[in-house]
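Student: Last residue of the sequence shown: 409 (our numbering), numbering continuous. Glycine included, each C-beta is placed from N, C-alpha and C at the ideal position.
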Amino acid sequence: MARRVDTRCCIAGGGPAGMMLGFLLARAGLDVVVLEKHGDFLRDFRGDTIHPSTLELFHELGLLDEFLQLPIARTERIGVHIGGEHIRMINLTRLKVHAPFMAMAPQWEFLNFLERKARPYRGFHLMMETEATDLIIENGCVTGVRAMGHDGEIEIAAHLTVACDGRGSILRAAAGMKVKDLGAPLDVLWFRLPHRPRDGEETGGWVDAGGLLVNIYRGSYWQCAHVIPKGGAEAIRAAGLEAWRARVAKLAPMFAGRMDAVASWDDVKLLNVQVDRLERWYRDGLLCIGDAAHAMSPVGGVGVNLAVADAVAAANRLWRPLGNREVSEKDLARVQKRRAWPTWLIQSAQVFAQNNFIAPTLNAKGEVRAPWIMRNLQSIPVVRDIPPKLFAMGWRPEHIGSPDAGH
Ligand SMILES: Cc1cc2nc3c(=O)[nH]c(=O)nc-3n(C[C@H](O)[C@H](O)[C@H](O)COP(=O)(O)OP(=O)(O)OC[C@H]3O[C@@H](n4cnc5c(N)ncnc54)[C@H](O)[C@@H]3O)c2cc1C
3 MARRVDTRCC IAGGGPAGMM LGFLLARAGL DVVVLEKHGD FLRDFRGDTI HPSTLELFHE
63 LGLLDEFLQL PIARTERIGV HIGGEHIRMI NLTRLKVHAP FMAMAPQWEF LNFLERKARP
123 YRGFHLMMET EATDLIIENG CVTGVRAMGH DGEIEIAAHL TVACDGRGSI LRAAAGMKVK
183 DLGAPLDVLW FRLPHRPRDG EETGGWVDAG GLLVNIYRGS YWQCAHVIPK GGAEAIRAAG
243 LEAWRARVAK LAPMFAGRMD AVASWDDVKL LNVQVDRLER WYRDGLLCIG DAAHAMSPVG
303 GVGVNLAVAD AVAAANRLWR PLGNREVSEK DLARVQKRRA WPTWLIQSAQ VFAQNNFIAP
363 TLNAKGEVRA PWIMRNLQSI PVVRDIPPKL FAMGWRPEHI GSPDAGH
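Structure, rendered in structure tokens:
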């Protein structure tokens, strides 16, 4: 017999979307259960880049200074090496915000921080090692979630269920929601290389015929992402580790003397990239946000920030109806209406970059050169500030509108 838990809102998934929403709703005085299937937040490959849009939200919550005390690096400028030429792409220092830089925070730091801030609120209940397995549906309305915890089956009865279970969302599948696949011609090989004192701290990229490498500064090491054609990992493995090491070293000569830090294929994770979105993010009793509503490509490193923005928009619109047990489909539609346009815009930009820049580069045989606009962007005063603003703040930044009801 399944154990039964009653709550106002059940959130499936303790990633950026789920933890931020759980925190904001508990802060507004509501009872919330967040289910996370893993036993910790120590997963390595879920994005590092906390953009000024999210830092500005932390400022509004009075948490910015504390967050910046964490062991995280700050990135003010992003440069890319294209065909041997170094091009400065993004300069965030001119942004008029409280934190005009990107915080390079491994996601476990970010999620542990949210958990620490949420825990003191009476209504916040985080159930780790508890996996949502299905929806409970009564008369066409979602009334909760079935889950499996370490001590057996649990039924969580909830006035509202929010699917924050990421790109492989089983809840959106259980709800029969229609997904539009936008395609992604790339996958990523994810590995670490040692940081050396003379390297500097600039997160950047290396682009040349047949390859693309992103290096993210994480203090004592570089987190590297080698972008490869979709499905290309098998052929790379078959050619052998030494050939792959040489290929990466040729692409990013800075790393040539240290590729043996990758001792075996066990040190290289294959990350599958997918880009999709739901036509409708909700049905009676259920809302999907974050990657569960729109799986993001790593291009631009925006997915975490978009997931957080979805959570803020959802909390702003739902805390009051949830408090009155009166969440209607109209309320849920308002969340989608608010977030659909920025999502569409960013995914369109990601797909454009994937198809017009990344895929041709991965297939290129000859010389790769940066387009004129890229090389000259920094010397055109008004225009140079548009990409950093969009990149850092997104389209339609959110603001905290839900209250703090106290602990
Ligand atoms: C290779 C790659 C690199 C990326 N790099 C960046 C980057 O640098 N910066 C950036 O901003 N974005 C990046 N992204 C995108 C980013 O990872 C996502 O957009 C973001 O994590 C979405 O947050 P989320 O909370 O919606 O989902 P997720 O981060 O996927 O979180 C979902 C959570 O739900 C849990 N879960 C799943 N199923 C269940 C279940 N059934 N029951 C309970 N719990 C469950 C998972 O364990 C997880 O904790 C990258 C994506 C890829 C593929």
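1. Put histidine 40 into one of helix, strand or coil per three-state DSSP.
2. Near alanine 240, which residues of its chain fall below 7 Å by C-beta distance, leaving aside the five closest residues on each side in sequence?
3. If I measure Cβ to Cβ from proline 389 and keep anything under 8 Å in the same chain, skipping five residues before and after, which residues do I get?
4. Can you tell me whether glutamate 281 is buried or exposed, with buried defined as 16 or more other CB within 10 angstroms of its CB?
5. Give a yes or no on contact between the region 306 to 316 and the region 174 to 192, applying the rule of three or more CB pairs nearer than 8 Å.
6. Would you check if the distance between the CB atom of alanine 4 and the CB atom of glutamate 155 is smaller than 7 Å?
7. Please list, in chain order, all residues of the same chain as alanine 313 whose beta carbon is under 6 Å from its beta carbon, the five residues on each side excluded.
8. How many Å lie between leucine 113 and leucine 320 at the Cα?
9. How far does the alpha helix (DSSP H) with aspartate 269 in it extend, from its first residue to its last?
10. Can you tell me whether glutamine 71 is buried or exposed? The criterion is at least 16 other CB atoms within 10 Å of its CB, across all chains shown.
11. Return yes when the C-beta of asparagine 307 is under 6 Å from any heavy atom of ligand 1, and no when it is not.
12. Can you tell which of Val144, Leu57 and Leu364 has the C-alpha that lies nearest to the C-alpha of alanine 107?
13. So what does DSSP say about glycine 24, is it helix, strand or coil?
14. For arginine 124, does the three-state DSSP call read helix, strand or coil?
15. Need the endpoints of the beta strand (DSSP E) that threonine 163 sits in, please.
16. Determine contact between the region 7 to 14 and the region 35 to 49, defined as no fewer than three beta-carbon pairs at a distance below 8 Å.
17. Between the Cα of alanine 159 and the Cα atoms of Asp167, Ala235 and Ile138, which residue gives the shortest distance?
18. Consult DSSP for leucine 65 and reduce its assignment to one of helix, strand or coil.
19. How many Å lie between arginine 377 and glutamate 203 at the Cα?
20. Between which two residues does the alpha helix (DSSP H) holding leucine 195 run?
21. Any heavy atom of ligand 1 closer than 6 Å to the CB of aspartate 167?
22. Counting pairs of Cβ atoms below 8 Å between the region 268 to 287 and the region 327 to 336, do you hit three or more?
Tutor: Once the coordinates are examined:
1. Residue state, collapsed to three classes: coil.
2. No residues qualify anywhere along the chain.
3. Excluding sequence neighbours, proline 389 sits near Met91, Ile92 and Leu379.
4. Residue environment for glutamate 281: exposed (fewer than 16 other C-beta atoms within 10 angstroms of its C-beta).
5. Per the Cβ contact rule, the region 306 to 316 is not in contact with the region 174 to 192 (fewer than 3 Cβ pairs under 8 Å).
6. Contact flag set, yes.
7. Cβ-Cβ distances below 6 Å link alanine 313 to Ala19, Met22 and Leu23 in the same chain, with the five nearest sequence neighbours on each side left out; the list follows chain order.
8. Computed Cα separation, rounded: 22 Å.
9. No alpha helix (DSSP H) holds aspartate 269; DSSP gives it neither H nor E.
10. Glutamine 71 is exposed by the Cβ-count criterion.
11. Answer for asparagine 307: yes, Cβ within range of ligand 1.
12. Of Val144, Leu57 and Leu364, the residue nearest in Cα terms is Leu57.
13. Residue state for glycine 24 is assigned as helix, using DSSP reduced to three classes.
14. Of the three classes helix, strand and coil, the one that applies to arginine 124 here is coil, per DSSP.
15. Per DSSP, threonine 163 belongs to the beta strand (DSSP E) from 154 to 165.
16. Judged by Cβ distances under 8 Å, the region 7 to 14 makes contact with the region 35 to 49, as three or more pairs qualify.
17. With distances taken between Cα atoms, alanine 159 lies closest to Ile138.
18. In the three-state reduction of the DSSP assignment, leucine 65 falls in the coil class.
19. Approximately 22 Å, taken between the alpha carbons.
20. Residue range 188 to 196 is occupied by the beta strand (DSSP E) that includes leucine 195, with no alpha helix (DSSP H) assigned at that position.
21. Yes.
22. Taking one beta carbon from each stretch, the region 268 to 287 and the region 327 to 336 have 3 or more pairs nearer than 8 Å; the two touch.
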